[in-house]
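Accompanying notes for the structure given below.
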Amino acid sequence: GSLTPKELLTLFNRIEPSGKIRYQRSVLESSPATESLPFVLRLNTVPAAPKAAAPGQPAAQKPAQAAPAETPQPSAARP
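In this text, residue positions in the sequence shown follow this note's numbering: the first is 27, and each later residue adds one.
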């Protein structure tokens, strides 16, 4: 893509907490404010962190397994 230096700085400031930025700041400083600067945005996937249980709540448990169905006992008195 291409953005103005001010737009690029805004983008970099927003994504900086969650990613790594590689761009020469000297290019931003030496460019006219109206000039569009080219850039490449590359995303890398990372495995999700395990979710922690909220305080005061039990950790997630496995669902209970269904008990085997009981077979009815024959009644003692049959006619």
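Beta carbons are placed, not taken as given, at the ideal position from N, Cα and C, and that holds for glycine.
Residue i in three-state terms, based on DSSP
i, result
"residue 64", "strand"
"residue 69", "coil"
For residue j and residue i, believed in contact at Cβ under 8 Å, the rounded distance
i, j, result
"residue 29", "residue 62", "6 Å"
"residue 57", "residue 31", "5 Å"
Separation of residue j from residue i, as counted between CA atoms
i, j, result
"residue 27", "residue 33", "12 Å"
"residue 55", "residue 49", "12 Å"
"residue 43", "residue 64", "22 Å"
Bounding residues of the alpha helix (DSSP H) (the contiguous stretch that carries residue i)
i, result
"residue 51", "51-56"
"residue 77", "Residue 77 -> no alpha helix (DSSP H), and no H or E assigned at all."
"residue 40", "31-41"
Interface flag, residue i vs chain D, CB-CB below 8 Å
i, result
"residue 32", "You won't find chain D in this structure, because it holds only one protein chain."
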